[in-house]
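Asks: Mind looking over this structure? Questions follow.
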Amino acid sequence: MSDITFKKRLTVEQVEEGTDLAPKFQENGLIPVVTTDYESGELLMHGYMNEEALKKTIELGEAVYYSRSRETLWHKGATSGLVQTVKEMRIDDDQDCVWLRVEVQGNGASCHVGYRSCFYRSVPTGENFEEKEGELNFEEDEKVFDPKEVYGDAPNPTKL
């Protein structure tokens with residue numbers, strides 16, 4: 001493990017206006033992470049990190065998340081080759097959410113389903129919701145890769 005240490009949260013001023021990295025993890029030990037493409041700004045995914053994943057991400061310069069479904073660290077791209085190289089990491093005002101701006105290796109996909117973004121469907125709103133009977137709309141026309149070819153028989157991380 002690295003020698004990275006986070007500062008104790010002492011004052012609101014320190015957390016909001018200071019230069020100390022003092023992340024606030026939720027009761028379950030996790031902090032939410034939004035990940036966007038460095039060049040385009042496209043939202044690629046949302047995930048979580050525990051303290052170890054955050055430290056490893058800082059240390060490696062590559063995205064490491066905590067998989068809630070697998071209950072383990074998840075070095076994004078370790079299996080698929082779609083490593084997310086961190087070009088910039090930000091933390092929000094009260095330091096309870098992380099934003100990663102990444103460059104995705106390989107074919108640029110970030111979604112285990114095979115799409116570029118995990119946000120490949122849109123939800124109709126307002127009157128459109130009733131007109132479409134709540135049906136989701138696909139915003140990406142085709143998958144970037146075939147998950148079966150990339151992951152083989154590995155269990156799907158989506159839990160019902």
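Position one of the sequence shown corresponds to residue 1 (the UniProt record's numbering), numbered consecutively onward.
Even glycine gets a Cβ: it sits at the ideal position worked out from N, Cα and C.
Starting from residue 60, follow the alpha helix (DSSP H) in both directions and report where the run begins and ends.
Replies: First-last of the alpha helix (DSSP H) with residue 60: 51 to 60.
Asks: Measuring CB atoms only, is the region 78 to 95 touching the region 20 to 32, in the sense that at least three cross pairs come out at less than 8 Å?
Replies: Yes, since at least three Cβ pairs between the region 78 to 95 and the region 20 to 32 fall closer than 8 Å, the two stretches touch.
Asks: Between residue 112 and residue 145, what straight-line distance do the alpha-carbon atoms span, to the nearest angstrom?
Replies: Those two C-alpha atoms are separated by around 9 Å.
Asks: Determine whether the beta carbon atoms of residue 49 and residue 66 lie at a separation below 8 Å.
Replies: Cβ atoms of residue 49 and residue 66: closer than 8 Å.
Asks: According to DSSP, is residue 87 helix, strand or coil?
Replies: DSSP places residue 87 in strand when its eight states are reduced to three.
Asks: To the nearest angstrom, report how far apart residue 162 and residue 139 are at their CA atoms.
Replies: With the chain represented from 1 up to 160, any question about residue 162 goes unanswered, as that position is not in the structure.
Asks: Using 8 Å as the Cβ pair cut-off and three pairs as the minimum, do the region 79 to 87 and the region 102 to 109 touch?
Replies: Touching, per the Cβ criterion.
Asks: For the alpha helix (DSSP H) that residue 151 lies in, which residues bound it at each end?
Replies: 147 to 151 is the extent of the alpha helix (DSSP H) around residue 151.
Asks: On the DSSP bridge assignment, give the partners of residue 101 in chain order.
Replies: Paired residue(s): 36, 88.
Asks: Would residue 59 and residue 73 qualify as a contact pair, given that the criterion is a beta-carbon distance under 8 Å?
Replies: Not a contact, by the Cβ cut-off of 8 Å.
Asks: Would you identify the three-state DSSP class for residue 144, choosing helix, strand or coil?
Replies: The answer is coil: DSSP assigns residue 144 none of H, G, I, E or B.
Asks: Using a Cβ-Cβ cut-off of 6 Å (strictly less than) and excluding sequence neighbours within five positions of residue 101, which residues of its own chain qualify?
Replies: These residues qualify, in order along the chain: 36, 38, 87, 88.
Asks: Identify every residue that forms a DSSP beta bridge with residue 166.
Replies: Nothing can be reported for residue 166, as the shown portion of the chain is limited to 1 through 160.
Asks: Look at the Cβ atom of residue 7, then the Cβ atom of residue 21, and state whether they are nearer than 8 Å.
Replies: For residue 7 and residue 21, yes; Cβs fall inside 8 Å.
Asks: DSSP puts residue 47 in a beta bridge; with which residues?
Replies: Answer is 33.
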